[in-house]
Amino acid sequence: VDGLQVRATDLHAAPLVMRAVRKQLPDEYTVNDWSQTQGSLFSAVRMEKVMVSLLLLSVVAVAAFNIVSTLVMSVTEKRRDIAVLRTLGARPRGIMAIFVAHGLALAMVGISLGALLGVVLAINIAAITSAVEKALGLRLFDPAVYFISELPARLMWSDVWTVVIASFVLSLAATVYPAWRAARIAPAEVLRYE
1 VDGLQVRATD LHAAPLVMRA VRKQLPDEYT VNDWSQTQGS LFSAVRMEKV
51 MVSLLLLSVV AVAAFNIVST LVMSVTEKRR DIAVLRTLGA RPRGIMAIFV
101 AHGLALAMVG ISLGALLGVV LAINIAAITS AVEKALGLRL FDPAVYFISE
151 LPARLMWSDV WTVVIASFVL SLAATVYPAW RAARIAPAEV LRYE
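Using the numbering used here, the first residue of the sequence shown is number 1, and each one after it goes up by one.
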């Protein structure tokens, strides 16, 4: 016997288990854990997760910008209607609430469809990858290159909820400026030229 492998139930507890095993063995034995032998691979995976998160954040930011653009155009198109509402007694806060609700309705449709599509893709990624490989006639994840034969996927609801909440917060923030602009429309200025 020239080696012994110990498997910890918690992946991240390996360094602690290694120290405990090292204390029990004489000094002539070498004790390593996966973070020492495969540390660079683990660091690369962690870096990829950060980069994917940043990419996802930029996609959400673009979507938030689209909400801002849509609402600003809506405010511009509805200036006369806003002026009439203000003349009839609508308060600026009420006008803001209308446009915030409009923006959040758009956001909720996008967030719901995006979350649903993301969950379906994550659950079926192996079948989708296989279908793409068959359709294109090539191997996307060659085991000789990537050390995997298929794309592993695990749906993590905490990640789904983090993306949903971050998207909602960004969308809410995106509605504030157009709603504020709508609330500041002076009815007399708009209706003077009508």
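Every residue gets a Cβ at the ideal spot worked out from N, C-alpha and C, and that includes glycine.
Check the Cα spacing between S112 and each of V160, S130, Y146 and A101: the tightest is with V160.
Excluding the 5 residues flanking it on each side, L191 has same chain C-beta neighbours closer than 8 Å at R80, A83, V84 and T87, in chain order. Leaving aside the five residues that flank V60 on each side, the residues in its chain whose CB is nearer than 7 Å to its CB run, in chain order, A166, S167 and L170. For V62, the enclosing alpha helix (DSSP H) stretches over residues G39 to E77. Taking a 10 Å sphere around the C-beta of V163, we find 16 or more other C-beta atoms and assign the residue as buried.
The beta carbon of A183 sits closer than 6 Å to the beta carbons of P92, I95 and M96 from its chain, once the five residues preceding and following it are set aside; these are given in chain order.
Straight across, the Cα-Cα distance linking V109 with Q5 is about 51 Å. If you draw a straight line from the Cα of G103 to the Cα of V120, it is about 26 Å long. Following the DSSP letters along the chain, one finds R154 in no alpha helix (DSSP H), marked with neither H nor E.
Going by beta carbons, A153 and A186 fall outside the 8 Å limit. The beta carbon of A63 sits closer than 7 Å to the beta carbons of G110 from its chain, once the five residues preceding and following it are set aside; these are given in chain order. Note on geometry: alpha-carbon atoms of T76 and M47 lie some 43 Å from one another. DSSP assignment within the stretch 113–178 yields the following whole alpha helix (DSSP H) runs of 4 residues or more, N-terminal first: 125–136 and 143–146. E189: member of the alpha helix (DSSP H) spanning P187 to R192, first to last residue.
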